[in-house]
Amino acid sequence: MASITTNGGSGLDINSIVSQLMQIEQQPIAKLNTKEVSFQSQLSALGTVKGALSSFQSTVAALMDINKLNGVKATSSGTDVATVTASNTADLGNFSLDVLKLAQRQRLTSQAGQFTSGDQVLVPKGSDVAKAKLTFTFGKIDAAATDGFKPNASAPAKSVDISDINGDGQITLSEVRDAINKQSDLGVTASLVKDSDNSVRLVMTGANTGENYAFKVGVETTDAGGATVASDLSKLAFDPNGGTTDANGNLVANGFTILKDGFAQNAQAKVNGIDVSSASNTLTDVVGGLTITLLKTTTDTNNKSTPIQINSQRDSGAIKSALSAFVKAYNDVQTSITSVAGYNADTKASGILQGDASVRGVQNQLRSMLGEAFGGSDQAIKTMSQLGIAFQSDGKLALDSTKLDKAVTENLDSVLTFIGAYDKTKNPTKAPDSSQGSFGYKLNDMLDKMLTKGGTLDSRTDGINRSIKLLSEQRDAMTAKLTETEARIRKQYVALDQTLTKMQQTSNSLISQLAALSAN
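Take a look at the structure:
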């Protein structure tokens with residue numbers, strides 16, 4: 277507080293006196309400060325509990341994601357040949373797999389000498405060509421060209437406009453390539469490859485694998501009136517009808533070649549000796565619930581196949597990991613609550629929130645929920661204890677792996693129903709109705725009410741913040757009053773100092789006069 281200097285000379289230590297008096301006057305503010313420190317500590321403690329609850333809720337959310345709870349484990353004896361994943365509904369057992377062919381996309385390559393460079397002009401300046409386009413028709417090619425080309429009714433033809441792309445009056449081979457690649461939905465990409473003879477090969481590759489996604493290429497060039505005009509763009513046309521198959525199994529037609537390994541074809545395999553065909557190298561509907569990705573064939577140079585083994589069986593590993601994280605997160609919540617609201621008998625110390633009704637309510641609600649039963653009478657798994665999760669003497673949870681393994685092996689569907697697991701990719705914002713009576717859904721809903729705006733802990737936090745605000749207002753009012761009090765006290769002591777000074781001066785004057793009289 278500001279100091280007021282006095283001109284008095286009584287020797288009275290005004291600053292020291294006022295300072296000591298104000299220390300007494302400030303005691304109510306000190307009490308307010310002590311209360312605020314306590315409230316801030318309570319806020320911090322509530323924050324600790326809320327953080328632990330939030331982490332716990334994250335494990336509940338993970339527990340309800342069926343894509344993270346795979347109760348079936350699938351393995352491949354030849355991971356370089358095929359990999360496999362399983363859903364919770366996968367068929368169980370051992371399956372032999374022969375991979376005879378991999379699915380391929382068509383790769384069409386121009387023959388040597390057909391094109392000399394990417395700058396080769398296919399439509400020169402001054403040409404009558406006003407409009408040019410390529411049309412890709414998808415279908416199936418007979419490798420021997422005996423049945424010709426059979427269009428794919430499920431894949432409509434696609435066209436790309438290649439008319440004077442750069443506006444320079446001509447069309448080059450590289451401009452055709454760029455136009456093809458620019459149209460993302462065309463179903464074909466193009467590239468230029470320079471060969472050892474320094475000629476350039478145009479390579480056009482289909483976007484989709486499967487024998488029904490081969491393609492032929494049509495070229496249309498017209499003048500301003502719509503009449504057909506001849507040009508070197510005709511070199512881009514390809515029709516397998518009438519083509520020939522050479523000694524190496526390559527199909528040759530219209531200046532293009534489909535190499536033996538460039539035919540659009542289906543994957544061909546045998547599962548337990550049963551023939552399987554697929555347009556892609558991912559088999560999703562061959563064995564129920566298994567997704568088999570083919571990587572290479574199992575045939576040798578003599579076309580003899582050595583099968584690999586695919587195995588699928590019950591496995592609690594993923595569920596165990598999720599439940600272990602759940603148990604740990606719950607125990608962390610209990611540790612947090614004990615540290616801020618418990619009593620340490622050894623140190624005789626109480627937590628800052630001991631006796632707090634909101635924290636005690638959170639703890640009691642969680643314990644009650646974890647002990648409840650969920651599901652109908654026909655459900656094998658109704659409680660957490662049937663999954664091997666039980667309370668210990670210290671109030672924390674522990675997971676019995678043996679009991680969990682048994683539950684998953686014998687009652688996987690019931691385990692998932694109890695947890696309330698669902699496909700979050702199909703329901704990203706809300707659990708389906710079938711999961712809303714489950715343990716996981718009810719627990720997550722409870723945690724929401726504890727943590728969200730207006731929830732149990734949020735309301736308690738708001739109450740403490742209001743108390744802190746009220747203390748701040750009281751302190752501001754007291755501080756303003758103390759400023760006035762200090763000014764008043766200082767003014768009184770300055771006046772006293774001045775009075776004492778005058779009295780001292782009068783006293784000194786009288787003593788001098790008496791001394792003079794005595795001397796005379």
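When we follow my numbering, the leftmost residue of the sequence shown carries the number 277, and every step to the right adds one.
We put the beta carbon where it would ideally sit given N, CA and C, even for glycine.
Keep in mind that this is a model prediction, so the values were computed, not measured.
Q: Quick one: residues in its chain with C-beta nearer than 7 Å to the C-beta of isoleucine 293, no 5 flanking neighbours on either side, listed in chain order?
A: Tyr769
Q) Looking at the unbroken beta strand (DSSP E) that takes in lysine 596, where does it start and where does it end? A) Looking at the DSSP string, lysine 596 is not in any beta strand (DSSP E); the run it does join, the alpha helix (DSSP H), is 593-617.
Q: Return the chain-ordered ranges of every beta strand (DSSP E) run that is complete within the segment 436-493 and spans a minimum of 3 residues.
A: 464-470, 476-482
(Q) As a quick exercise: from Ala406, Asp608, Asp418, Gln390, pick the residue whose alpha carbon is nearest that of valine 469. (A) Gln390
Q.
Counting C-beta neighbours from all protein chains within 10 Å, is the total for methionine 722 16 or more, i.e. buried, or is it exposed?
A. buried
(Q) What residue range does the alpha helix (DSSP H) around threonine 310 cover? (A) 303-339
Q) What residue from Lys409, Phe514, Thr574, Phe539 has the CA that sits closest to aspartate 440's CA? A) Lys409
Q | Classification of asparagine 428 by the beta-carbon crowding that lies within 10 angstroms, buried from 16 upward | A | buried
Q. With burial defined as no fewer than 16 other Cβ atoms inside 10 Å of the residue's Cβ, what is the status of valine 552: buried or exposed?
A. buried
Q.
I'd like to confirm the pairing. Which residues does DSSP put opposite valine 547 in its beta bridges?
A. Leu373, Ile550
Q) By Cβ distance, which residues of its chain are closer than 8 Å to alanine 421, with the 5 residues on each side in sequence left out? A) Because the pLDDT at alanine 421 is just 49, under 50, the model does not fix this residue reliably, and the value given afterwards should be weighed accordingly. Closer than 8 Å at the Cβ level, and outside the excluded window around alanine 421, lie Pro516, Asn517, Gly518, Gly519, Thr520, Thr521, Leu527, Ala529.
Q: State buried or exposed for serine 588, treating a residue as buried only when at least 16 other CB atoms are found within 10 Å of its CB.
A: buried
(Q) Let me confirm a value: isoleucine 300 is counted as buried when at least 16 other C-beta atoms fall within 10 Å, else exposed. Which label applies? (A) exposed
Q) Does the distance from the CB of glycine 593 to the CB of lysine 416 come in under 8 Å? A) no
**Q.** Chain-order list of residues whose beta-carbon lies under 6 Å from that of threonine 385 (same chain, five-residue window excluded)
**A.** Arg477, Val479, Thr533
Q) In chain order, what residues of the same chain lie with their CB nearer than 6 Å to the CB of phenylalanine 414, ignoring the 5 residues before and after it? A) Asn428, Ala431, Tyr489, Phe491
**Q.** Alpha-carbon to alpha-carbon, alanine 598 and serine 352
**A.** 24 Å
Q) How far does the beta strand (DSSP E) with serine 386 in it reach, from first residue to last? A) 383-386
Q | phenylalanine 425 (DSSP reduced to helix, strand or coil) | A | strand
Q: Please report the residue range of the alpha helix (DSSP H) in which asparagine 557 lies.
A: Where asparagine 557 is concerned, there is no enclosing alpha helix (DSSP H), given that its DSSP letter is neither H nor E.
**Q.** Contact set for alanine 362: own chain, Cβ-Cβ below 8 Å, skip 5 residues either direction
**A.** Asn346, Val348, Lys349, Ala350, Gly565, Leu566, Thr567, Ser588
Q | Reduced DSSP secondary structure (H/G/I, E/B, other) of glutamine 541 | A | strand
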